[in-house]
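Sequence positions in the sequence shown follow UniProt numbering and run 1 to 125. Backbone N, C-alpha and C define an ideal beta-carbon position, used for all residues, glycine too. Comments concern the structure below.
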Amino acid sequence: MKSITLPLFLALSGLLSACNTHPSLPTPPPNTPPAPMPQAHIVGGYTAVDVNDLEVQNAAQFAVQALGGLLNRVTKAERQVVAGMNYRLQLDLQNGAGYEVVVYVDLQQQKQLISSRPLKTNSRS
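As structure tokens, this is what we get:
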């Protein structure tokens, strides 16, 4: 009985290990670094958005009106989904001033200027 047990055990363990691999998934060579994870948006974070987007332009016009100036252009725009939407914008005004503003747009499309800070002329992008 002992002489049959060892070969039978070896045969079963070989069969089980062969069944444990998936033929369509190649085994990476040893010492291969893991594949990089795809970059995903951070949940709740800001995401870049086109400066020419209609909602960005509407938020920019609202902010500039609240600041008492005239918009030259939006140089950078980001959006954050909240209970509504936050737009973080970098604006150039026609008088040469630059601002970073955050405009909140609620679910009823009402806008509110949350923050504004002047930009140094050499820090605008």
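Taking the C-alpha atoms as reference points, what is the distance between K120 and T47? For the purposes of this step, residue 120 is identified with residue 120 of the sequence shown, where counting begins at 1. For the purposes of this step, residue 47 is identified with residue 47 of the sequence shown, where counting begins at 1. Computed Cα separation, rounded: 23 Å.
With a threshold of 16 other CB atoms inside 10 Å of the CB of V56, please say whether the residue is buried or exposed. Translated into the one-based positions of the sequence shown, residue 56 becomes position 56. Looking at its Cβ environment, which holds 16 or more other Cβ atoms inside 10 Å, V56 is buried.
Counting along the chain, where does the alpha helix (DSSP H) carrying Q57 start and finish? For the purposes of this step, residue 57 is taken as residue 57 along the sequence shown, with counting starting at 1. Looking at the DSSP string, the run of the alpha helix (DSSP H) that includes Q57 is L54 to L67.
Proximal residues to N122 (C-beta, below 7 Å), its chain only, five neighbours per side dropped: Counting from one through the sequence shown, the residue named residue 122 turns up at place 122. For N122, the predicted model reports a pLDDT of 47, less than 50, meaning its position is unreliable; a value from the coordinates is still stated below. Excluding residues within five positions, none has a Cβ falling inside 7 Å.
Whose C-alpha, out of Y87, G96 and D53, is nearest the C-alpha of L71? Taking the first residue of the sequence shown as position 1, residue 71 is located at position 71. Selected option, being the one with the closest Cα: G96.
Who does K120 pair with in a DSSP beta bridge? Here residue 120 corresponds to residue number 120 of the sequence shown, with the count starting at 1. In the DSSP output, where bridge partners are listed per residue, K120 has none listed.
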